[in-house]
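Engineer: The following block contains the structure, expressed as structure tokens.
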Amino acid sequence: MIGISKKNNRLHFFFLIYFSLLLSGSCFYIFITPVFENFDELAHFSAIKQISYQKIVNNEDSFMDIIYDDNYWPRSYSSGNPPYDNSLVYYKFFQNENLVNQNFKELNLIPNKEFIKGSQINHEYIQHPPFYYFIMAQTLKLFKDFSFLQQILALRFFSYVLALIGIAYGLSGILSLADNTFLFDKNTIIRGFLVYPFIFPMFFVEFSRIGNDSLCLLFVGMIIFFSAKLILNKEILKYSFILGLVLGFGLLTKAFFLPITFVSIFFIVIFIFNKIIEKRKKLLHVIFLLLPVLIVGFPYYFYSYIKSGSFTATGIGMNVAKISINHLDFITLSNAYILLRGLITIPVTFIWGGTQSLVHFNYYFYILPLFLILYILSKIFFILFKFLSFKIIFLMFGVANLIFFIFGLIWAGYYSLVLGNLNANVPGWYLHILFPFLAYMLGLALNSLDSKKIQYLIIYGLVFIIISAWFQITLFSGCSIKDVYKFYFFSKDYYCLTNIYEVFKKLKLIVSPVSAILSLLIFISLTAFVLNKSRNYFIKK
């Protein structure tokens with residue numbers, strides 16, 4: 313009993329340190345990233361604001377907030393073909409003192425408590441289900457008397473908390489399955505979850521923004537947690553129903569949940585039919601699983617199909633539905649090369665993609681994480697072929713989600729090319745929605761490594777995070793720019809390190825650098841603590 317108590321105390325302490333680590337790491341990006349520099353943040357914010365002040369709106373009539381038309385706030389660099397600084401990018405912005413002063417004033421004023429329709433259609437809201445926006449609209453109402461900058465920071469923070477809760481659900485669920493029956497133990501799981509954000513730091517950027525991916529991660533964590541409950545308990549009717557509700561609300565959050573839902577239903581049905589209960593009860597459990605999905609989630613997609621001819625309701629899906637496609641016309645060597653490049657962008661941007669400006673980092677920093685991804689995949693598929701039994705069913709659950717999710721990204725890349733775009737690039741950072749599944753796969757792959765090698769991986773990740781953080785800081789302060797090759801180009805010597813005071817003086821005008829640096833220092837300190845005490849953090853077999 314004493315041994316069990318010590319293990320539980322150690323596990324609770326790990327939870328405390330680990331989630332403090334995740335929170336401090338994300339808070340750095342929440343506070344240091346300028347308003348609307350994050351991916352699609354303006355569109356998400358506009359949808360939240362429109363729902364908040366106009367109640368329920370038809371997303372077909374959704375527009376960007378009037379702030380989109382204002383010309384005083386700094387813009388992110390463009391992508392595609394150079395030049396990338398056609399708009400009011402950061403170095404141009406800081407050259408105009410009047411704009412800087414006006415932007416500073418607007419950021420620190422309480423904005424008007426109304427939604428003013430701008431001139432641009434809000435494509436993000438049109439192609440996404442509304443559930444995330446309804447939730448975040450309530451958060452915006454709580455902060456209606458705060459400054460504009462504080463509102464953005466609050467929405468980012470709350471959105472990230474949703475993701476953190478999802479990770480907590482996922483970690484708890486997988487830990488509850490940690491025995492010989494399911495091929496992994498607590499030590500394996502903790503290693504995977506701990507190393508994951510260091511090797512794949514794009515996780516922090518992906519969820520430190522206003523965006524519905526955070527709610528998707530929450531639901532993925534809940535799927536894992538309640539699936540574990542269903543597996544381990546005799547009375548499972550309520551868990552079947554809860555899982556159905558989670559899948560239904562996931563479908564109301566983003567079309568990404570279509571593959572997750574189909575895979576989850578397949579495996580949950582397997583979990584149910586593996587229970588030693590009457591066949592009639594098994595069928596009843598399946599009905600309780602499917603009914604919430606059909607009632608809550610699928611009507612949105614049926615309506616979308618009737619309205620636009622696209623079941624997915626995405627922008628690409630709706631555009632594809634309007635044209636006739638002869639796929640044989642696209643089977644060319646040049647298109648195959650474009651698709652291959654698009655496929656490569658998935659693991660690269662899964663590791664690191666930065667923010668909306670999409671400035672490239674030195675490719676040498678990607679070598680170890682890319683090698684690790686190949687190592688993980690080979691190790692996982694070796695395990696799958698070695699243990700073809702119910703013993704690995706939960707691992708198969710995660711792998712199937714990963715495969716179908718990647719297939720969805722490839723589908724989007726292919727049809728993007730079909731629709732006339734010059735590339736088939738798709739963001740790999742969306743895969744972080746599967747964080748709990750991927751983290752325990754990582755743990756399985758690293759299971760044979762000793763604590764010293766785990767420490768080296770964490771140190772490598774910490775160095776990557778610190779260097780990339782500084783590069784982002786210089787970009788936002790105008791001390792570096794995006795050059796014609798999409799890399800950072802520094803206007804001052806020594807990567808602008810000799811201009812630290814000037815850099816932070818400028819940052820104070822557009823973000824909260826003091827809070828950001830304090831968060832980063834806490835993150836570094838907690839990482840150092842974990843490295844120093846790592847042998848006590850990895851629960852022994």
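Just so we're aligned: 848 in the numbering used here is position 536 of the sequence shown, and the numbers increase by one with no gaps anywhere.
Beta carbons: idealized from backbone N, C-alpha and C, even for Gly.
On a predicted model such as this, the values are computed, not experimentally measured, just so you know.
1) Any idea what DSSP makes of F835, helix, strand or coil?
2) Would you tell me roughly how many angstroms separate the C-alpha atoms of G725 and L734, rounded to the nearest one?
3) Count the other CB atoms within 10 Å of the CB of R592; is the residue buried (16 or more) or exposed (fewer)?
4) Please name the residue or residues paired with F375 in a DSSP beta bridge.
5) Is V730 closer than 8 Å to T657 when the C-beta atoms are compared?
6) Alpha carbon to alpha carbon, what distance is there between L606 and I836?
7) If contact is defined by three or more beta carbon pairs under 8 Å, each pair taking one atom from either stretch, is the segment 342–359 in contact with the segment 818–835?
8) Taking 8 Å as the threshold (C-beta atoms), are H639 and N524 in contact?
9) Excluding five sequence neighbours on each side, which residues of the same chain lie with their C-beta closer than 6 Å to the C-beta of M313?
10) What is the DSSP secondary structure of F801, reduced to helix, strand or coil?
11) How many angstroms separate the CA atom of N713 from the CA atom of S390?
12) Which class does I344 belong to by DSSP, given the choice of helix, strand or coil?
13) What residues are listed by DSSP as bridge partners for I793?
14) Considering only the alpha carbon of each residue, which of I422, S332, P423 and T500 lies closest to L754?
15) Looking at V671 and G740, is the spacing between their C-beta atoms short of 8 Å?
16) Let me make sure I understand the geometry here. Which of Y800, F677 and P748 has the alpha-carbon closest to that of S484?
17) Helix, strand or coil, according to DSSP, for H639 in the structure here?
18) For N434, which of I379, G478 and F455 has the nearest alpha-carbon?
19) With H, G and I counted as helix, E and B as strand and the rest as coil, what does DSSP make of H440?
20) Suppose you measure from the CA of Q407 to the CA of T565; what does that come to, to the nearest Å?
21) Does the structure place the segment 453–463 close enough to the segment 533–542 that three or more beta carbon pairs sit under 8 Å?
22) Name the two residues that bound the continuous alpha helix (DSSP H) containing A490.
23) Note down the Cα distance separating I599 from K498, rounded to an integer number of angstroms.
24) Report yes if the C-beta distance between A567 and L651 is below 8 Å; otherwise report no.
Structural biologist: Reading off the structure:
1) Translated into the one-based positions of the sequence shown, residue 835 becomes position 523. The three-state reading of DSSP puts F835 in helix, counting H, G and I together.
2) By 1-based counting over the sequence shown, the position of residue 725 is 413. By 1-based counting over the sequence shown, the position of residue 734 is 422. Take the alpha-carbon of G725 and the one of L734: they are about 11 Å apart.
3) To locate residue 592, count along the sequence shown from 1; it is residue 280. It counts as exposed.
4) The residue given as residue 375 occupies position 63 in the sequence shown. Per DSSP, I433.
5) Taking the sequence shown and counting its residues from 1, one reaches residue 657 at position 345. Taking the sequence shown and counting its residues from 1, one reaches residue 730 at position 418. The beta carbons of T657 and V730 sit no closer together than 8 Å.
6) Stepping through the sequence shown from its first residue, residue 836 is reached at position 524. Stepping through the sequence shown from its first residue, residue 606 is reached at position 294. Spanning the two alpha carbons is a distance of roughly 46 Å.
7) Because the criterion of three Cβ pairs below 8 Å is met, the segment 818–835 and the segment 342–359 touch.
8) Indexing the sequence shown from 1 puts residue 524 at position 212. Indexing the sequence shown from 1 puts residue 639 at position 327. H639 sits away from N524, with the two beta carbons spaced by 8 Å or more.
9) Taking the sequence shown and counting its residues from 1, one reaches residue 313 at position 1. Only weak support exists for where M313 lies, its pLDDT of 43 falling under 50; the coordinates are left without a value.
10) The count along the sequence shown starts at 1 and reaches residue 801 at position 489. It is a strand residue.
11) For this step, residue 713 is matched to residue 401 along the sequence shown. For this step, residue 390 is matched to residue 78 along the sequence shown. Rounded to the nearest angstrom, the two C-alpha atoms are 32 Å apart.
12) Here residue 344 is taken as the residue at index 32 of the sequence shown, counted from 1. I344: helix per DSSP, three-state reduction.
13) For the purposes of this step, residue 793 is identified with residue 481 of the sequence shown, where counting begins at 1. For I793, which the question treats as bridged, DSSP gives the partners F801.
14) Position 442 of the sequence shown, counting from 1, holds the residue named residue 754. Of the candidates I422, S332, P423 and T500, T500 places its Cα closest to the Cα of L754.
15) Numbered from its first residue, the sequence shown carries residue 740 at position 428. Numbered from its first residue, the sequence shown carries residue 671 at position 359. For G740 and V671, no; Cβs fall outside 8 Å.
16) For the purposes of this step, residue 484 is identified with residue 172 of the sequence shown, where counting begins at 1. Selected option, being the one with the closest Cα: P748.
17) Numbered from its first residue, the sequence shown carries residue 639 at position 327. DSSP places H639 within a helical segment (H, G or I) once states are collapsed to three.
18) As a working mapping, residue 434 is identified with position 122 in the sequence shown. Selected option, being the one with the closest Cα: I379.
19) Within the sequence shown, the letter at position 128 stands for residue 440. H440 falls in the coil class under three-state DSSP.
20) Taking the first residue of the sequence shown as position 1, residue 407 is located at position 95. Taking the first residue of the sequence shown as position 1, residue 565 is located at position 253. Answer to the nearest angstrom: the Cα atoms are 41 Å apart.
21) No contact exists between the segment 533–542 and the segment 453–463.
22) By one-based count along the sequence shown, residue 490 stands at place 178. Here A490 belongs to no alpha helix (DSSP H), and DSSP marks it neither H nor E.
23) What you label residue 599 is simply residue 287 of the sequence shown in a count that begins at 1. What you label residue 498 is simply residue 186 of the sequence shown in a count that begins at 1. Using only the alpha carbons, I get a separation of about 34 Å.
24) Sequence index remark: in the sequence shown, residue 567 carries index 255 (1-based). Sequence index remark: in the sequence shown, residue 651 carries index 339 (1-based). Contact check for A567 against L651 fails: the beta carbons are separated by 8 Å or more.
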